[in-house]
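Heads up: the sequence shown begins at 0 in my numbering, then just goes up one per residue.
So the structure is just underneath, and the comments pick up after that.
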Amino acid sequence: MKKIIVAIFGIAAALSLASCSKKSGSASASKDGIVTLKGIIDLVPHQEIIDYAAPALLKEGIKVVTLQDASDNLGNEKTANGEADFNYFQHKPYLDSVNKQNGWDLVSVAAIHVEPISLYSDKYTKLSDAPKNAVIAVPDDGTNEYRGLKLLNDQGFIKLSEHSLSALDANVGDIVEYLKPVKIVEINAFQIIPTRADYDLFVNNTNKILESGIKTNILAQESPDSPYGNIIVTKANRANDPAIQKLVKVLLSDDVQQWIKNKYNGAVIPVK
Numbered sequence: 000m001k002k003i004i005v006a007i008f009g010i011a012a013a014l015s016l017a018s019c020s021k022k023s024g025s026a027s028a029s030k031d032g033i034v035t036l037k038g039i040i041d042l043v044p045h046q047e048i049i050d051y052a053a054p055a056l057l058k059e060g061i062k063v064v065t066l067q068d069a070s071d072n073l074g075n076e077k078t079a080n081g082e083a084d085f086n087y088f089q090h091k092p093y094l095d096s097v098n099k100q101n102g103w104d105l106v107s108v109a110a111i112h113v114e115p116i117s118l119y120s121d122k123y124t125k126l127s128d129a130p131k132n133a134v135i136a137v138p139d140d141g142t143n144e145y146r147g148l149k150l151l152n153d154q155g156f157i158k159l160s161e162h163s164l165s166a167l168d169a170n171v172g173d174i175v176e177y178l179k180p181v182k183i184v185e186i187n188a189f190q191i192i193p194t195r196a197d198y199d200l201f202v203n204n205t206n207k208i209l210e211s212g213i214k215t216n217i218l219a220q221e222s223p224d225s226p227y228g229n230i231i232v233t234k235a236n237r238a239n240d241p242a243i244q245k246l247v248k249v250l251l252s253d254d255v256q257q258w259i260k261n262k263y264n265g266a267v268i269p270v271k
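See below:
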């Protein structure tokens with residue numbers, strides 16, 4: 000009887016270990032040799048890029064299944080706990096901050112594209128037309144507020160403190176001089192587009208403009224060598240997973256990178 004109980008316990012333990020290993024290790028292939036990667040992916044342009052790359056991924060033996068569109072911390076949490084194999088919706092400075100806050104071991108495998116933050120207007124077609132005392136909306140979240148204020152700094156509207164520029168972190172309190180008479184309003188990034196009629200100019204990410212479908216004028220854009228490339232993120236122990244590496248290989252291929260360039264006409268910039 001003891002031997003039977005020990006044997007049953009041993010089988011159960013082995014099955015449990017196998018289950019844990021499968022959840023935390025490499026993605027497993029199906030009978031047809033196709034490896035399915037579960038991803039949490041933003042809608043625009045991320046999902047569109049993945050959809051375009053799907054045939055090339057299939058040739059590499061990879062199928063991507065989107066669990067849901069990204070929701071910031073939720074997307075990272077599900078990647079950290081193994082519910083998702085990877086996510087694709089954020090840049091590295093944001094990832095670094097949430098890793099630090101939550102104690103996650105998520106890593107960037109590769110940057111795929113840049114969504115340059117831009118200065119827009121429904122009322123004016125060029126910066127020189129902007130009136131004195133123009134009201135400018137900027138996102139109020141840490142990284143994007145810095146990017147917006149840095150853009151206004153580079154365009155000669157304001158002067159940011161040297162400390163904020165070196166720390167890559169700023170809010171309106173870090174403005175040491177207004178070089179042009181403007182009023183800057185900090186507002187939730189998701190509220191900028193619905194309330195844009197209240198502002199002469201507004202700063203936002205290009206993906207939010209693309210998702211909304213609005214037609215507006217780009218007056219200025221951050222440099223394409225921005226450190227804010229959107230990245231493929233996975234757990235540290237999955238970074239060298241062959242399936243993840245094949246995903247990155249296809250997304251960085253000349254074909255996919257050229258498609259990004261052609262599709263978005265500068266609103267989204269391929270990293271290559």
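We treat Cβ as the ideally placed atom computed from N, Cα and C, and that holds for glycine.
Predicted, not measured: the structure shown is a model, and the values here were computed from it.
Item	Value
Going by DSSP in three states, Y198 sits in which element: helix, strand or coil?	coil
Considering just the uninterrupted stretch of the beta strand (DSSP E) at L105, what are its terminal residues?	105 to 113
Please identify the residue among G228, E47, P92 whose C-alpha is closest to the C-alpha of A166.	P92
In this structure, what does DSSP give as the bridge partners for I49?	Answer is none; I49 lacks a bridge partner.
Please report the straight-line C-alpha distance between Y51 and P138, rounded to a whole angstrom.	30 Å
Can you give me the start and stop residues for the beta strand (DSSP E) that A242 sits inside?	Looking at the DSSP string, A242 is not in any beta strand (DSSP E); the run it does join, the alpha helix (DSSP H), is 241 to 250.
Cα separation between F201 and E144?	12 Å
Taking Cβ positions, are L150 and Q220 nearer each other than 9 Å?	yes
Beta-carbon within less than 6 Å of Y198's beta-carbon, same chain only, minus the 5 sequence neighbours each way: which residues are those?	V134, A136
Kindly list the residues whose CB is nearer than 6 Å to the CB of A109, restricted to its own chain and excluding five residues on each side of it in sequence; keep chain order.	I231, V247
Mind checking if I243 is an interface residue toward chain D, Cβ cutoff 9 Å exclusive?	Looking at the structure shown, chain D is missing, and only one protein chain is on hand.
So, are the CB atoms of I191 and N206 less than 9 Å apart?	no
So is H112 buried or exposed if we call it buried at 16+ other beta carbons inside 10 Å?	buried
With respect to the alpha helix (DSSP H) encompassing Y93, which residues constitute its N-terminal and C-terminal limits?	91 to 101
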